[in-house]
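2 protein chains.
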Amino acid sequence: MTKNPDPASKPLPTLADVASRAGVSTATVSRCLNAPAQVVEETRKRVLQAVQDLGYSPNFGARALAAKRTNTVGAVIPTMDNAIFARGLQAFQEELGRNGITMLVASSAYRPELEAEQIRALVARGADALLLIGHDRDPAIYRFLEARGVPALIAWAYDETAGKPSIGFDNRRAMAGLAAQVIAQGHTRLAAISAEQACNDRARERMNGVREAMQAAGLPPEGLHLIEVPYSVDHGAEAMGQLMALSPRPTAVICGNDVLAVGAMQKAQEMGLDVPRDVSVTGFDDIELARVVTPQLTTVHVPHRDMGRQAAQLLKQMIGGTPMAQSVALQTELRLRGTLGPPPG
Amino acid sequence: MTKNPDPASKPLPTLADVASRAGVSTATVSRCLNAPAQVVEETRKRVLQAVQDLGYSPNFGARALAAKRTNTVGAVIPTMDNAIFARGLQAFQEELGRNGITMLVASSAYRPELEAEQIRALVARGADALLLIGHDRDPAIYRFLEARGVPALIAWAYDETAGKPSIGFDNRRAMAGLAAQVIAQGHTRLAAISAEQACNDRARERMNGVREAMQAAGLPPEGLHLIEVPYSVDHGAEAMGQLMALSPRPTAVICGNDVLAVGAMQKAQEMGLDVPRDVSVTGFDDIELARVVTPQLTTVHVPHRDMGRQAAQLLKQMIGGTPMAQSVALQTELRLRGTLGPPPG
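Heads up: the protein sequence lines correspond to chains A and B, in order.
Mind the numbering: the first sequence is residues 0 to 344 in numbering that gives the first Met the number 0, read in order.
Mind the numbering: the second sequence is residues 0 to 344 in numbering that gives the first Met the number 0, read in order.
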């Protein structure tokens, strides 16, 4: 392991090498790798031992050419930090695994140019299909995928007007439902902390949802004091500091996700404010963080695991050549916990 | 996007197609892709537009053959859930990105047979090198990687006796340091909640550290009441329920990581116990979760970002053919916060 020999200096083991070492025909080796159930246990063990001893790995390039498949699916997510995508991807991977498909993930750090590069790398590495997050991206990427015949499914967002197959939920409607609850408590001075909205349709639609609920309740949407920050607890806290310095102070702070909301709560408590007596705070996603803070966070529950599992099933069909009939909308649910109450006074 | 045409039915665009569309020579296209700084801005834009329009992607197979590189590095981590590996990988990826290398990640769900499969898939897809977590795995995997000439670096664990290049920290010594602090507070009835220790040297070494500290303080290590559970907040809570039902009750619960510790804290508080007045709880990792709970968690801080960044630099050297002189040990730090106090009474 401490050497990195020139690959050319050591010829790679071939199927014939494995057959010779195991004392079987190449057809038997091939059967072991592709239809092991058809091979007697003892022979299979001998072949697998030879495979391991020689460090043989089937030539995926050649196999892909024959089967037009590599049994690899790529997923490009905006961040691995924080748990928002982790849980959904875990379910996505489990379901793919049941179908013998390996998932490879790349994380774009919310940078569109990096996402484009990673999509190209995954296609170049032979991904049969891709899972992408949200609809916002250069149309050239979709043209590239179409030219390559690589199907892509968009998750974490549902937009039937976007013309691309997607599985997700209506971020705008879900957030409008939560904001309506906040307003129903009597709040009129609303503020919001959002993740950066450029290239992030989820963040944008959630804020549109807040404004929609305000409009419906007769509150002028332009009265919403909105701060946009990068995605982290610390940035949520910093934005909260700015909002709590406003006069008059907002009585409810609607956050674009749980991570920002937890930062906002922390800051309020550090400033000696009681949540929700002095100020209400809400989140979105219902990740683990939402339930470990005191009081527990009022938020929108997203069916992460269900989405991941169904996305895998849909992609498998798409790889098989069956186009998706229509995008799939999943339901979200309000989780009314301890951080939402009536305004002070 | 709704069709998955037979790849054979649509020939892939070639370098010559791109050159023809952009009205330049194939040498210019090649220069644009490999040494863009040498090409005039306007020409470069025209070529990149043609690349996008045609959905051209360089043939990595042929390039790899020529350069013996694919500029892809694979990382296999045990879980994407929770933030333990996320932050380190983010730094790893940023540093690789600065060197034009793309990172692809697979998550093994703590299953060794899945890890082996993913390592083979990444090598088959042309990974130049691999980042692996911890030392525990079938020696056949190391033989396979050596046969393929693919260097691998082990992270999140430091063990100079293991004979494999690694970057990480001494889990045993770090945990022994924390346990010594717990004992110094006067605790004698210690319990521990650990992640599953099979195939997880980090978990095992941490518990060895607890026993080492007990021994050094004259407490019989076999008196440690240890519960092993899967890695989740809920499992930490469940284990805490069992420990708090013991008679006499342990006065300090040392947890193998922050996630389990946060679950344990929650459970104690649900049972009406005050942390740390009635029972002390400690974690390990210092992830975001540790600072958002009340009181904040006493834990061991791990230099995740520093480890990721240095791992990328080391792997780059290994890809270049420079063997690692010796494994790298990083320092951890105790974070004494609110969940550790003297025993009751």
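Idealized CB from N, CA, C, for every residue including glycine.
- Around the Cβ of Q325 (chain A), a 10 Å sphere holds fewer than 16 other Cβ atoms; the residue is exposed.
- Rounded to whole angstroms, the Cβ separation of M213 (chain A) and L223 (chain A) is 6 Å, and the two are in contact under 8 Å.
- Separation of L259 (chain A) and I192 (chain A) (C-alpha to C-alpha, rounded to the nearest whole angstrom) is 7 Å.
- Interface annotation, D80 (chain A): in contact with chain B, CB-CB separation under 7 Å.
- S106 (chain A) reaches chain B at A85, L88, Q89, Q92, M102 and V104, counting residues in chain order whose Cβ is nearer than 9 Å.
- As far as DSSP is concerned, I118 (chain A) takes part in no beta bridge.
- Judged by beta-carbon spacing, A154 (chain A) lies beyond the 7 Å limit of L129 (chain A), meaning their Cβ atoms are not closer than that value.
- Straight-line measurement puts the Cα of M306 (chain B) at about 20 Å from the Cα of S231 (chain A).
- In the DSSP assignment, G167 (chain A) is bridged to A:A328.
- For S193 (chain B), the enclosing beta strand (DSSP E) starts and ends at L189 to A194.
- Rounded to whole angstroms, the Cβ separation of K266 (chain B) and G240 (chain B) is 5 Å, and the two are in contact under 8 Å.
- Here the alpha carbons of G73 (chain A) and I140 (chain A) stand approximately 15 Å from one another.
- Contact of L329 (chain A) with chain B by beta-carbon distance below 9 Å is absent, the smallest such distance being about 20 Å.
- For T25 (chain A), no Cβ of chain B is located within less than 7 Å of the residue's own Cβ.
- For the C-beta of Q265 (chain B), the chain A residues within less than 9 Å are, from N- to C-terminus, R290 and V291.
- The Cβ-Cβ distance between I182 (chain B) and A216 (chain B) falls below 7 Å.
- With respect to the 7 Å criterion, S107 (chain B) and P138 (chain B) are not classified as neighbours on the basis of their beta carbons.
- The beta-bridge partner set that DSSP reports for V232 (chain A) is empty.
- In the three-state reduction of the DSSP assignment, C254 (chain B) falls in the strand class, which pools E and B.
- For the C-beta of T71 (chain B), the chain A residues within less than 8 Å are, from N- to C-terminus, A120 and R124.
- Here D16 (chain A) carries a helix assignment [DSSP, helix/strand/coil].
- For F143 (chain A), the nearest beta carbon of chain B is closer than 7 Å to its own beta carbon.
- In this structure, V291 (chain B) places its C-beta atom within 7 Å of the C-beta atom of V261 (chain A).
- In the DSSP annotation of this structure, the continuous segment of the beta strand (DSSP E) that includes V104 (chain A) starts and ends at T101 to S106.
- Taking the Cβ atoms as the reference, I166 (chain B) lies roughly 5 Å from A310 (chain B), within the contact range of under 8 Å.
- Boundaries of the beta strand (DSSP E) around L130 (chain B): A128 to I132.
- Residues of chain B whose Cβ lies closer than 8 Å to the Cβ of G54 (chain A) are, in chain order, R142, F143, L144, E145, A146 and R147.
- Residues G133, H134, D135 and A156 of the same chain have their beta carbon placed closer than 6 Å to that of D200 (chain A), with the five preceding and five following residues left out of the count.
- Shown here, A154 (chain A) sits in a strand according to DSSP, grouped into three states.
- Not a single C-beta of chain B is nearer than 7 Å to the C-beta of Q241 (chain A).
- The CB of V280 (chain A) never comes closer than 9 Å to any CB in chain B; the least such distance is about 13 Å.
- Interface residue (Cβ-Cβ distance to chain B less than 7 Å): V232 (chain A) is classified as such.
- Under the three-state reduction of DSSP output, E211 (chain A) falls in the helix class.
- The criterion of a C-beta distance shorter than 7 Å is satisfied by M174 (chain A) and V209 (chain A).
- Annotated three-state conformation of H186 (chain B) is coil, per DSSP.
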